[in-house]
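If you want my numbering, it's the position in the sequence shown, counting the first as 1, plus 1.
Virtual Cβ for every residue (Gly too), placed ideally from N, Cα, C.
Computed from a prediction, not measured in an experiment: that's the story for all the values here.
Contents: one structure, followed by commentary.
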Amino acid sequence: MKKTILSCVCSCFAASAVAHENQPVNTQPDSLDIKTTFTYRNNQAFPSDEVWQLPGILLGGESLPVEQGASLDDVQLLGHLNIHKRYFVSAKVGAHSHDGSTEVALENLWFGSRAAIMGQPLLFEIGKMSSDITPTANFHASGGSFSESPLLADVFFARHFVDIGARASASIQGINFGIEVWNGDNWPASSGEGTAALFVHYAIQHGELSAKVGSWLMRSEADKRSDQRYEDGHSHGDAQLSASDLTFSGETVTMGSFANLQWQVNPIILNAEFEWIRADIDAQLLDVTQSAAFLATQDGYKLQLGVSLDNHSLQVKYERLVVDNSFTQTSQTFIQSSGLYNEGIEPEKLAVAWTWDFYDSFRLRTEWYQDDTQEAGTSRWAIGLVWQHKLL
Numbered sequence: 002m003k004k005t006i007l008s009c010v011c012s013c014f015a016a017s018a019v020a021h022e023n024q025p026v027n028t029q030p031d032s033l034d035i036k037t038t039f040t041y042r043n044n045q046a047f048p049s050d051e052v053w054q055l056p057g058i059l060l061g062g063e064s065l066p067v068e069q070g071a072s073l074d075d076v077q078l079l080g081h082l083n084i085h086k087r088y089f090v091s092a093k094v095g096a097h098s099h100d101g102s103t104e105v106a107l108e109n110l111w112f113g114s115r116a117a118i119m120g121q122p123l124l125f126e127i128g129k130m131s132s133d134i135t136p137t138a139n140f141h142a143s144g145g146s147f148s149e150s151p152l153l154a155d156v157f158f159a160r161h162f163v164d165i166g167a168r169a170s171a172s173i174q175g176i177n178f179g180i181e182v183w184n185g186d187n188w189p190a191s192s193g194e195g196t197a198a199l200f201v202h203y204a205i206q207h208g209e210l211s212a213k214v215g216s217w218l219m220r221s222e223a224d225k226r227s228d229q230r231y232e233d234g235h236s237h238g239d240a241q242l243s244a245s246d247l248t249f250s251g252e253t254v255t256m257g258s259f260a261n262l263q264w265q266v267n268p269i270i271l272n273a274e275f276e277w278i279r280a281d282i283d284a285q286l287l288d289v290t291q292s293a294a295f296l297a298t299q300d301g302y303k304l305q306l307g308v309s310l311d312n313h314s315l316q317v318k319y320e321r322l323v324v325d326n327s328f329t330q331t332s333q334t335f336i337q338s339s340g341l342y343n344e345g346i347e348p349e350k351l352a353v354a355w356t357w358d359f360y361d362s363f364r365l366r367t368e369w370y371q372d373d374t375q376e377a378g379t380s381r382w383a384i385g386l387v388w389q390h391k392l393l
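Here is the structure:
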């Protein structure tokens, strides 16, 4: 595992030597924005009277399946205020519905300070905020081409990564480096045990071709972490359901790389996205009667291709998970009851979305999914409305 980590870090910094970033660190003006989306789906992703788990994979946080019918997928009110040019405060109030109820919460509130050293911009941030390691860590239905979260977001970040922590980032010769330290409130850590991450991002602009690529490394610790998605009093759960009493104690080292490309061939815009994420897990699993030493390597792949013309966009996305779990110091009965015996199943998902920006801040979105994340695959279609508006 250590050789893999070292290789990943070295590749990050070697690649950064030839990169070029066009924007300085955080130059966002004062703003107040609202984003929201409603979606109707003709079918559910998973039976509502069962606990959702992907074969061979532990889930937590906000990783819950979409439901049949109409839903308020997402509401975001985002504010950013600059103070005396060097300081700023940002906040986000969010809401979404599940199981017939809607929860409103202050999702993010953080403070930042800008500085410079030898003419190179530095940024320091602290508070409750999202991770910057990869765009996949911050999925919201109102912000992308699809209303359903990527498999990679559900598995590796519990849908979206939000925690209390601090981040320092710098743009050195146009390359954006960063380090993050977190309390551990977000999956795959447990509260107080901590998460730390390193990342490097860089962007290239050459004529009509633009690209952004990045690599990152994250280490998380957990102590007796449990699946709390269906606990009583949790507004995203069903009171009649309860996840297993399995607890997880150990280390998760996650790493990844992504590349986003866009090529404008007037009047057509072509785009392509690729991402790979790997989690190396070394843990002890325990329930009320049994335990097991658990070693796992879980790889996730995402490929998205799209074309846009005028106010229309067509996007196709394919995702696949490759799971390699091993157990020692345990029984076959415990392995099967844990839900982590995947029997050779590799979850995958194909999605197609067409969006139409038909009026000002309004967008119509239609989608089709072939969902093979379970042994018995399903398909569904969806139609929804997205509204994004700048209030200030």
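Closest Cα partner of residue i within the set the options
i	options	result
residue 57	291, 325 and 146	325
residue 54	220, 341, 108 and 123	341
residue 134	67, 328, 73 and 177	177
residue 311	357, 282, 284 and 296	357
residue 368	89, 195, 377 and 384	384
residue 108	98, 336, 339 and 78	78
residue 71	63, 110 and 44	44
residue 208	308, 113, 230 and 267	267
residue 271	286, 309, 294 and 287	309
residue 132	146, 84, 196 and 147	196
residue 230	52, 28 and 40	52
residue 124	263, 103, 88 and 137	88
residue 269	253, 330, 254 and 307	307
residue 334	219, 364, 292 and 373	292
residue 253	297, 273, 274 and 221	221
residue 155	201, 64 and 106	64
residue 187	393, 93 and 158	158
residue 250	224, 228 and 274	224
residue 93	32, 60 and 121	32
Other residues of its chain near residue i: CB distance less than 7 Å, five sequence neighbours each side excluded
i	result
residue 150	140 and 160
residue 302	277, 320 and 321
residue 289	246
residue 111	91, 126, 127, 128, 129 and 130
residue 193	184 and 185
residue 148	38, 40, 74, 142, 366, 368, 383 and 385
residue 114	87, 88 and 125
Helix, strand or coil at residue i according to DSSP, with G and I counted as helix
i	result
residue 148	coil
residue 35	strand
residue 346	coil
residue 384	strand
residue 374	coil
residue 396	Any property of residue 396 remains undetermined from this structure, which presents the chain solely from 2 to 393.
residue 135	coil
residue 156	helix
residue 248	strand
residue 339	coil
residue 69	coil
residue 290	coil
residue 206	strand
residue 15	With a pLDDT of 38 at residue 15, under the threshold of 50, the modelled position of that residue is not reliable, and no figure is offered here.
residue 76	strand
residue 333	helix
residue 58	coil
residue 3	For residue 3, the pLDDT reaches just 40, beneath the cut-off of 50, and the residue's location in the model is therefore unreliable, although a value from the coordinates is still provided. Residue 3 falls in the helix class under three-state DSSP.
residue 194	coil
residue 46	coil
residue 86	coil
residue 238	Bear in mind that the predicted position of residue 238 carries a pLDDT of just 47, short of 50, making it unreliable; the figure below should be weighed with that in mind. In this structure, residue 238 counts as coil in the three-state DSSP scheme.
residue 285	strand
residue 81	strand
residue 142	coil
residue 111	strand
Beta-bridge pairing of residue i - partner residues as DSSP gives them
i	result
residue 122	117
residue 391	34
residue 217	200 and 257
residue 360	363
residue 327	296
residue 52	DSSP, once it has assigned bridges, lists no residue as partnering residue 52.
residue 231	According to DSSP, which records beta bridges pairwise, residue 231 is partnered with nothing at all.
residue 274	261 and 305
residue 106	95
residue 314	309 and 356
Residues of its chain near residue i, where Cβ-Cβ distance is below 8 Å and the 5 sequence neighbours each way are ignored
i	result
residue 23	Because the pLDDT of residue 23 is 35, which lies under 50, any placement of that residue in the model is unreliable, and the question is left without a value.
Cut-off 6 Å between Cβ atoms - residues of its own chain near residue i, not counting five sequence neighbours on either side
i	result
residue 391	34
residue 68	45
residue 146	316 and 354
residue 37	76, 143 and 388
residue 398	Since the displayed the chain opens at 2 and closes at 393, residue 398 lies outside it and no answer follows.
Any non-hydrogen atom of the ligand GDP closer than 6 Å to residue i Cβ
i	result
residue 259	The ligand GDP is absent from the structure shown, which contains no ligand whatsoever.
Cβ of residue i within 7 Å of any chain B Cβ
i	result
residue 178	Structure shown: chain B not included; a single protein chain is present.
Count the C-beta pairs between the segment 312-326 and the segment 342-358 that are closer than 8 Å, then say yes if the count reaches three, no if not. Yes, they touch.
Sufficient close CB pairs (3 or more, under 8 Å) joining the segment 255-262 to the segment 211-221: Touching, per the Cβ criterion.
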